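K.L.:
There are 2 protein chains.
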Amino acid sequence: MTPPPDSVPLTDVDGDERALNARRAAILEAVVTEYIGTAEPVGSSHVASFPGVQVSSATVRSEMVALEREGYLVQPHTSAGRIPTDKGYRFFVDHLTGPGVLGPSQRKQVSQFFEQVHGEMETVLERASGLLSELTSYAAVVVGPSHETASIRSFQLVGLSPVHALLVVVLSDGAVEKRTIDLTTEASDDALARAGTLLASHLVGRTLTQPWAVPKSGSAEIDHLVTAAHRAVDSLEGSMEADQVFVGGPARLAESFDAVETVRSVLAILEQQLVVVSLLRDVLDRGLSVAIGTEHGFEPLSSCAVVVAPVSIDGQDLGAVGLLGPTRMDYARAMAAAHVVGERLGQRISGGHDGRH
Amino acid sequence: MTPPPDSVPLTDVDGDERALNARRAAILEAVVTEYIGTAEPVGSSHVASFPGVQVSSATVRSEMVALEREGYLVQPHTSAGRIPTDKGYRFFVDHLTGPGVLGPSQRKQVSQFFEQVHGEMETVLERASGLLSELTSYAAVVVGPSHETASIRSFQLVGLSPVHALLVVVLSDGAVEKRTIDLTTEASDDALARAGTLLASHLVGRTLTQPWAVPKSGSAEIDHLVTAAHRAVDSLEGSMEADQVFVGGPARLAESFDAVETVRSVLAILEQQLVVVSLLRDVLDRGLSVAIGTEHGFEPLSSCAVVVAPVSIDGQDLGAVGLLGPTRMDYARAMAAAHVVGERLGQRISGGHDGRH
DNA sequence: CCTGGCACTCGGTAGACTTGAGTGCCAGGA
DNA sequence: TCCTGGCACTCAAGTCTACCGAGTGCCAGG
Numbered sequence: 307m308t309p310p311p312d313s314v315p316l317t318d319v320d321g322d323e324r325a326l327n328a329r330r331a332a333i334l335e336a337v338v339t340e341y342i343g344t345a346e347p348v349g350s351s352h353v354a355s356f357p358g359v360q361v362s363s364a365t366v367r368s369e370m371v372a373l374e375r376e377g378y379l380v381q382p383h384t385s386a387g388r389i390p391t392d393k394g395y396r397f398f399v400d401h402l403t404g405p406g407v408l409g410p411s412q413r414k415q416v417s418q419f420f421e422q423v424h425g426e427m428e429t430v431l432e433r434a435s436g437l438l439s440e441l442t443s444y445a446a447v448v449v450g451p452s453h454e455t456a457s458i459r460s461f462q463l464v465g466l467s468p469v470h471a472l473l474v475v476v477l478s479d480g481a482v483e484k485r486t487i488d489l490t491t492e493a494s495d496d497a498l499a500r501a502g503t504l505l506a507s508h509l510v511g512r513t514l515t516q517p518w519a520v521p522k523s524g525s526a527e528i529d530h531l532v533t534a535a536h537r538a539v540d541s542l543e544g545s546m547e548a549d550q551v552f553v554g555g556p557a558r559l560a561e562s563f564d565a566v567e568t569v570r571s572v573l574a575i576l577e578q579q580l581v582v583v584s585l586l587r588d589v590l591d592r593g594l595s596v597a598i599g600t601e602h603g604f605e606p607l608s609s610c611a612v613v614v615a616p617v618s619i620d621g622q623d624l625g626a627v628g629l630l631g632p633t634r635m636d637y638a639r640a641m642a643a644a645h646v647v648g649e650r651l652g653q654r655i656s657g658g659h660d661g662r663h
Numbered sequence: 307m308t309p310p311p312d313s314v315p316l317t318d319v320d321g322d323e324r325a326l327n328a329r330r331a332a333i334l335e336a337v338v339t340e341y342i343g344t345a346e347p348v349g350s351s352h353v354a355s356f357p358g359v360q361v362s363s364a365t366v367r368s369e370m371v372a373l374e375r376e377g378y379l380v381q382p383h384t385s386a387g388r389i390p391t392d393k394g395y396r397f398f399v400d401h402l403t404g405p406g407v408l409g410p411s412q413r414k415q416v417s418q419f420f421e422q423v424h425g426e427m428e429t430v431l432e433r434a435s436g437l438l439s440e441l442t443s444y445a446a447v448v449v450g451p452s453h454e455t456a457s458i459r460s461f462q463l464v465g466l467s468p469v470h471a472l473l474v475v476v477l478s479d480g481a482v483e484k485r486t487i488d489l490t491t492e493a494s495d496d497a498l499a500r501a502g503t504l505l506a507s508h509l510v511g512r513t514l515t516q517p518w519a520v521p522k523s524g525s526a527e528i529d530h531l532v533t534a535a536h537r538a539v540d541s542l543e544g545s546m547e548a549d550q551v552f553v554g555g556p557a558r559l560a561e562s563f564d565a566v567e568t569v570r571s572v573l574a575i576l577e578q579q580l581v582v583v584s585l586l587r588d589v590l591d592r593g594l595s596v597a598i599g600t601e602h603g604f605e606p607l608s609s610c611a612v613v614v615a616p617v618s619i620d621g622q623d624l625g626a627v628g629l630l631g632p633t634r635m636d637y638a639r640a641m642a643a644a645h646v647v648g649e650r651l652g653q654r655i656s657g658g659h660d661g662r663h
């Protein structure tokens, strides 16, 4: 029906989708901005009244037809306004919205938080997830640094009962891990201590991921303890990652989505911490700071957008922070908040285990 | 209008509210049972068709009027059926429903769980909260044993950096707690070790709540470390309670309540672990196993019912399990599930830190 | 190539009507 | 005395209609 020229953007830079001419971009921006604010389909006359759009509503309409044909907008039904598609949000995030700034009161809130917060790293991360959630009113996720590179600082076997011992490992990053060991035969405190010392001499200074040979002692009793401890150390390695995930303000999901079923399924996802971590890592690894709708390839979250920011300092990976909200989220604010909190958290973590007290 | 005899229950045992005559009880039971199943107001003809009710719907109607006057039922509006009030549920729970039994598949699920689960206490409690939630499809809370009576088994100071040390305490119940200590002056590993040994000799065998005097050493450097550690130990005491709360299946709240706002506020409560613990404790202390609506005096949860069961063995308090659902929850099943899981958990906890592996 | 105008679509709202579940009350009967 | 069937009444919810208005697509004129 329509001749080919219609489908060619005016300032097509490379490929077919990369750029939109300025007018269409302005219209898209208006639609996204308005829809984020009102959650209602945006009509051409609303758009035409935007300061950045200096054409009549009729022109806006014809441009919107083009934007819809190219996949940036959709109409829920005829005779309704348009709402952005994931692709529309993507263009908005990539080209139309600045890095975003926090309001003064929010900046103050962040500063106060980092001045006042104290205590163990876990506490700080946990409370930071709450902060991020409060700043944005979305659900927040904070992932702490992995223990992969931390070396073992202390290694101890503590007897709990005649047939139970506790392996306690302190890492150089301040993490403490433990594992109960069942002893098939009773062990004396003395044997435990000797096995502990033997193992400590072999293990202190290594990381948990480095393989190690089981040292031999002269005594069968102690060898028995040592092999049991060896198994326990191996099992430590796998289970440590999950400890460092903190979810803040999951209750806010109920504000973000009106469909109860969506709330339920997203909450169910957040319960699976491993999934959340890998989602954030995946998005970060792809060099993105925002994943919209199906971009993260994770079906149950297709109605969500994920904003992530690394927690790092000098390129060193110390974790990540993330925000989970509806695709019609306020990307600028969310990105700004995630960025700021991620950055301050990185400074805090690297700057000492407990700056003040 | 109506003469006094109308308002006098037929078999009034003591006080004015204690008992209902058998017919009214049967009618109340029918209403509650039906409403729990359907979530819709129950009419007199439905009730009349219940096997336990051998009277006509007209008679049921007049009895329902009486039950409404006495506060056991309410009508959402004229010409609708009745729904139970909190008082109605209370009577149902106290007098009309048996202890409840789990279905065979659920019993099997519980058995399998306790056969297969292994690992640290925290892991077991966490997963038990998931089990309880799956069994009932309500949100579950598991509170682990308090560390109040546990004695200190090991006490260690580990240097992390020249100006940071980590205090690591192992308790007799297998719990490990840590606290970072800022050192205002640098301390040698040797000084740390000596301070640690000194403190260990004073503290091992005590509980965390017992007050203790700061031991004096000859050296000012060590005294300095010792007082810093003293402060850290004191701060440990207060923060340990919160660690032992596990919430399972919060996403199921979205299934239990249809109002999004209710979901949001209940989720927000569950985020505050201290509140949840004290709620459960409070209900248990009052000797109840169920708190319905406003009975727990906690306004934001007035549309919820809380089912609790102690985790104990031989009268020794090892914690509590709880379920949070709508007031129209299936009390019999919930109580049965909480009871069983609480009991098995008690056996597990007291029976060893890790029965199998 | 933009714009105002125009006919058209269609979701949402409001009112009238119907339906049906449920009630309260009452008179007759065991 | 108490239960029951009958009856008139109430009211939420569903259906149908009409209508409004926001919004669109298209077109002719500037």
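For the protein sequence lines, the chains are A and B, in the order given. Those letters in the first sequence? Residues 307 to 663, by this note's numbering. Those letters in the second sequence? Residues 307 to 663, by this note's numbering. The C-beta atom is built at its ideal place from N, Cα and C for all residues, glycine as well. None of the values given here were measured: they were computed from a predicted structure.
1) The beta strand (DSSP E) that contains B:Arg485, what's its start and end?
2) Kindly give me the distance between the Cβ atoms of A:Arg569 and A:Ala560, rounded to whole angstroms, as I take these residues to be in contact under 8 angstroms.
3) Which residues, taken in chain order from the region 478-503 of chain B, show a beta carbon closer than 9 angstroms to some beta carbon of chain A?
4) Rounded to the nearest angstrom, what separates A:Pro581 and A:Gly657 at their Cα positions?
5) Can you name the residues of chain A whose CB is closer than 9 angstroms to the CB of B:Asp564?
6) Taking Cβ positions only, does B:Val464 come closer than 9 angstroms to chain A?
7) Who are the neighbours of A:Leu472 on chain B, taking C-beta pairs under 7 angstroms?
8) Nearest-angstrom Cα distance between A:Tyr378 and A:Lys393?
9) Rounded to whole angstroms, what's the CA-CA distance from B:Val464 to A:Val476? Just pull it up for me.
10) Is there a Cβ from chain B that is less than 9 angstroms from the Cβ of A:Pro556?
11) If we ignore side chains and look at the alpha-carbon of each, how far apart do B:Leu590 and B:Ala640 end up?
12) Could you tell me if B:Asp636 is buried or exposed, where buried requires 16 or more neighbouring beta carbons within 10 angstroms of its beta carbon?
13) Does the CB of A:Val646 have a neighbour CB from chain B at under 9 angstroms?
14) Flag this pair as touching only if the region 522-536 of chain B and the region 407-417 of chain B have three or more C-beta atom pairs under 8 angstroms; answer yes or no.
15) Would you kindly check if the distance between the Cβ of A:Gly358 and the Cβ of A:Ala332 is under 9 angstroms?
16) Round the Cβ separation of A:Val617 and A:Ala626 to the nearest angstrom and send it over; I've been treating them as touching at under 8 angstroms.
17) Going along chain B, which residues have a C-beta under 8 angstroms from A:Ala574?
18) Hey, out of B:Ala557, B:Val539, B:Glu577, B:Leu573, whose CA is closest to B:Val551's CA?
19) Is any beta-carbon of chain A found at less than 9 angstroms from that of B:Arg654?
20) In whole angstroms, what separates the C-alpha of A:Ala534 from that of A:Ala497?
21) So that I know if they touch, is there some Cβ in chain A lying closer than 9 angstroms to that of B:His659?
22) Between B:Ala446 and B:Leu326, what straight-line distance do the alpha-carbon atoms span, to the nearest angstrom?
23) Please tell me whether A:Glu374 and A:Arg388 are closer than 9 angstroms, where the distance is taken between their beta carbons.
24) Checking the sheet assignment: what are the DSSP bridge partners for B:Ser618?
25) Am I right that B:Leu573 and A:Pro556 are in contact with their C-beta atoms under 8 angstroms? What's the rounded C-beta distance?
26) Is the region 485-504 of chain B touching the region 455-469 of chain B in the sense that three or more CB pairs, one from each, lie closer than 8 angstroms?
27) With a cut-off of 9 angstroms, does the C-beta of B:Arg570 fall near any C-beta of chain A?
28) Counting Cβ pairs closer than 8 angstroms, one from the region 479-493 of chain A and one from the region 448-456 of chain A, do we hit at least three?
29) Could you please give me the residues that DSSP links to A:Ala597 through a beta bridge?
30) Within the continuous beta strand (DSSP E) that includes A:Gln462, where are the two ends?
31) If we ignore side chains and look at the alpha-carbon of each, how far apart do A:Gln622 and B:Glu649 end up?
32) Hey, out of B:Leu334, B:Ile342, B:Glu440, whose CA is closest to B:Arg367's CA?
33) Mapping DSSP to helix, strand and coil, what is B:Ile512?
34) Return no unless some Cβ of chain A is closer than 9 angstroms to the Cβ of B:Glu605.
35) Can you look up A:Ala565 in the DSSP assignment and give me helix, strand or coil?
36) Can you say whether B:Ser545 is buried or exposed, counting buried as having 16 or more other CB atoms within 10 angstroms of its CB?
P.N.:
According to the structure data:
1) In the second sequence, counting from the first residue as 1, residue 485 of chain B sits at position 179. Per DSSP, B:Arg485 belongs to the beta strand (DSSP E) from 482-488.
2) Taking the first residue of the first sequence as 1, we reach residue 569 of chain A at position 263. Taking the first residue of the first sequence as 1, we reach residue 560 of chain A at position 254. This sequence places Val at residue 569 of chain A; Arg is not what is there. Sure, about 5 angstroms apart at Cβ, within 8 angstroms.
3) Ser478, Asp479, Gly480, Ala481, Val482, Glu483, Lys484, Arg485, Thr486, Ile487, Asp488
4) The residue you call residue 581 of chain A lines up with position 275 of the first sequence. The residue you call residue 657 of chain A lines up with position 351 of the first sequence. For the record, residue 581 of chain A in the displayed sequence is Val; it is not Pro. Those two C-alpha atoms are separated by around 29 angstroms.
5) Looking up residue 564 of chain B in the second sequence gives position 258. Within 9 angstroms Cβ-Cβ: Val566.
6) Your numbering for residue 464 of chain B matches position 158 in the second sequence. At least one chain A Cβ lies under 9 angstroms of B:Val464.
7) Here residue 472 of chain A corresponds to residue number 166 of the first sequence, with the count starting at 1. Chain B residues near A:Leu472: Val476, Gly480.
8) Within the first sequence, the letter at position 72 stands for residue 378 of chain A. Within the first sequence, the letter at position 87 stands for residue 393 of chain A. Cα-Cα distance, rounded: 5 angstroms.
9) Numbered from its first residue, the second sequence carries residue 464 of chain B at position 158. Numbered from its first residue, the first sequence carries residue 476 of chain A at position 170. Computed Cα separation, rounded: 8 angstroms.
10) The sequence position of residue 556 of chain A within the first sequence is 250, counting from 1. True, the Cβ-Cβ gap to chain B drops below 9 angstroms.
11) Position 284 of the second sequence, counting from 1, holds the residue named residue 590 of chain B. Position 334 of the second sequence, counting from 1, holds the residue named residue 640 of chain B. Taking the straight line joining both Cα atoms gives about 16 angstroms.
12) Position 330 of the second sequence holds residue 636 of chain B. It is buried - the Cβ of B:Asp636 has at least 16 other Cβ atoms within 10 Å.
13) As a first step, residue 646 of chain A is located in the first sequence; it is residue number 340 there, counting from the start. Chain B contact via Cβ: absent.
14) no
15) On the first sequence, position 26 is the one that residue 332 of chain A refers to. On the first sequence, position 52 is the one that residue 358 of chain A refers to. Yes, they are a contact pair.
16) Along the first sequence, one-based indexing puts residue 617 of chain A at 311. Along the first sequence, one-based indexing puts residue 626 of chain A at 320. Contact flag correct, Cβ pair sits at about 6 angstroms.
17) Taking the first sequence and counting its residues from 1, one reaches residue 574 of chain A at position 268. Result: Ala557.
18) For this step, residue 551 of chain B is matched to residue 245 along the second sequence. Selected option, being the one with the closest Cα: B:Glu577.
19) What you label residue 654 of chain B is simply residue 348 of the second sequence in a count that begins at 1. It does not: the Cβ of B:Arg654 has no partner Cβ on chain A nearer than 9 angstroms.
20) Translated into positions along the first sequence, residue 534 of chain A becomes position 228. Translated into positions along the first sequence, residue 497 of chain A becomes position 191. When rounded, the distance between both Cα atoms is 13 angstroms.
21) By 1-based counting over the second sequence, the position of residue 659 of chain B is 353. Confidence at B:His659 is low in this model, with a pLDDT of 40, below 50, so its placement is unreliable and no value can be given for it.
22) Here residue 446 of chain B is taken as the residue at index 140 of the second sequence, counted from 1. Here residue 326 of chain B is taken as the residue at index 20 of the second sequence, counted from 1. The straight-line gap from Cα to Cα measures roughly 33 angstroms.
23) Position 68 of the first sequence, counted from the start, is the residue given in the question as residue 374 of chain A. Position 82 of the first sequence, counted from the start, is the residue given in the question as residue 388 of chain A. Cβ atoms of A:Glu374 and A:Arg388: closer than 9 angstroms.
24) Against the second sequence, residue 618 of chain B aligns to sequence position 312. Bridge partners of B:Ser618: B:Asp623.
25) Here residue 573 of chain B refers to the residue found at position 267 of the second sequence. Here residue 556 of chain A refers to the residue found at position 250 of the first sequence. Indeed, because the Cβ distance is near 6 angstroms, the residues count as touching under 8 angstroms.
26) yes
27) To locate residue 570 of chain B, count along the second sequence from 1; it is residue 264. Judged by the 9 angstroms Cβ criterion, B:Arg570 is in contact with chain A.
28) yes
29) By 1-based counting over the first sequence, the position of residue 597 of chain A is 291. Answer is A:Val612, bridged to A:Ala597.
30) Translated into positions along the first sequence, residue 462 of chain A becomes position 156. Start and end: 458-467.
31) Residue mapping note: residue 622 of chain A aligns to position 316 of the first sequence, counting from 1. Residue mapping note: residue 649 of chain B aligns to position 343 of the second sequence, counting from 1. Those two C-alpha atoms are separated by around 48 angstroms.
32) Taking the second sequence and counting its residues from 1, one reaches residue 367 of chain B at position 61. That would be B:Leu334, whose Cα lies nearest to the Cα of B:Arg367.
33) For the purposes of this step, residue 512 of chain B is taken as the residue at position 206 of the second sequence. It is Arg, not Ile, that sits at residue 512 of chain B in the sequence shown. Coil.
34) Taking the second sequence and counting its residues from 1, the one referred to as residue 605 of chain B is at position 299. B:Glu605 does not count as touching chain A.
35) Mapped onto the first sequence, residue 565 of chain A falls at position 259. A:Ala565: coil per DSSP, three-state reduction.
36) Here residue 545 of chain B refers to the residue found at position 239 of the second sequence. With fewer than 16 Cβ atoms within 10 Å of its Cβ, B:Ser545 is classed as exposed.
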